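J.: Dropping a structure here in C-alpha cells format, bear with me for questions.
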Amino acid sequence: MIRPRLERYRKHFLNHFEDYIIAAEFDAGQNLIVYATPYQNFDEIIMEICEGLVDTVDFPDHLFLYLYSFGNNEYIKIAINPIN
Numbered sequence: 001m002i003r004p005r006l007e008r009y010r011k012h013f014l015n016h017f018e019d020y021i022i023a024a025e026f027d028a029g030q031n032l033i034v035y036a037t038p039y040q041n042f043d044e045i046i047m048e049i050c051e052g053l054v055d056t057v058d059f060p061d062h063l064f065l066y067l068y069s070f071g072n073n074e075y076i077k078i079a080i081n082p083i084n
C-alpha cells in the first residue's frame, strides 16, 4: 500500500476509535501499531476495535494491526486479509 493510503487508515483509526486508543503509528514494515488507553478494560477495547474494523478497513487491502495494552510490551495481533 502506498503511504497516503496508510496515513488515511491511521487518521481514520484515531478518529473512529478515539475513546479506546491514545496513539496509532506505522512501523517500518507498514504495520499499524496502536496503543490502548489505560482508562478502559483492554478486553473491551479489543472487542470494540474488532467489531469496528468492518467500517475502518477496505477489505481488498492487507493490514496487520498490533494493539498494545497501555504500559505493557505484549500485544494482540490482528491480521486483515494477510498475504500468504
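The opening residue of the sequence shown carries number 1 in full-length UniProt numbering; numbering runs sequentially from there.
Just so you know, even glycine gets a beta-carbon here, dropped at the ideal spot from N, CA and C.
All of these numbers come straight from a predicted model, not from anything done at the bench.
Is it right to say Y9 is buried, meaning 16 or more other beta carbons lie within 10 angstroms of its own, or is it exposed?
T.: Residue numbering aside, residue 9 sits at position 9 when the sequence shown is read from its first letter. Result: buried.
J.: Would you tell me roughly how many angstroms separate the C-alpha atoms of L53 and D27, rounded to the nearest one?
T.: Here residue 53 refers to the residue found at position 53 when the sequence shown is read from its first residue. Here residue 27 refers to the residue found at position 27 when the sequence shown is read from its first residue. Roughly 20 Å separates the two Cα atoms.
J.: Using only the alpha-carbon positions, how far apart do I83 and H62 sit?
T.: Numbered from its first residue, the sequence shown carries residue 83 at position 83. Numbered from its first residue, the sequence shown carries residue 62 at position 62. Looking at the two C-alpha atoms, the distance is approximately 7 Å.
J.: Just tell me which of Q40, I45, L32, T56 has its CA closest to the CA of L65.
T.: Counted from its first residue, the sequence shown places residue 65 at position 65. The option with the nearest alpha carbon to L65 is L32.
J.: Give the straight-line distance between the Cα atoms of N41 and E48, rounded to the nearest whole angstrom.
T.: Working through the sequence shown from its first residue, we reach residue 41 at position 41. Working through the sequence shown from its first residue, we reach residue 48 at position 48. Computed Cα separation, rounded: 11 Å.
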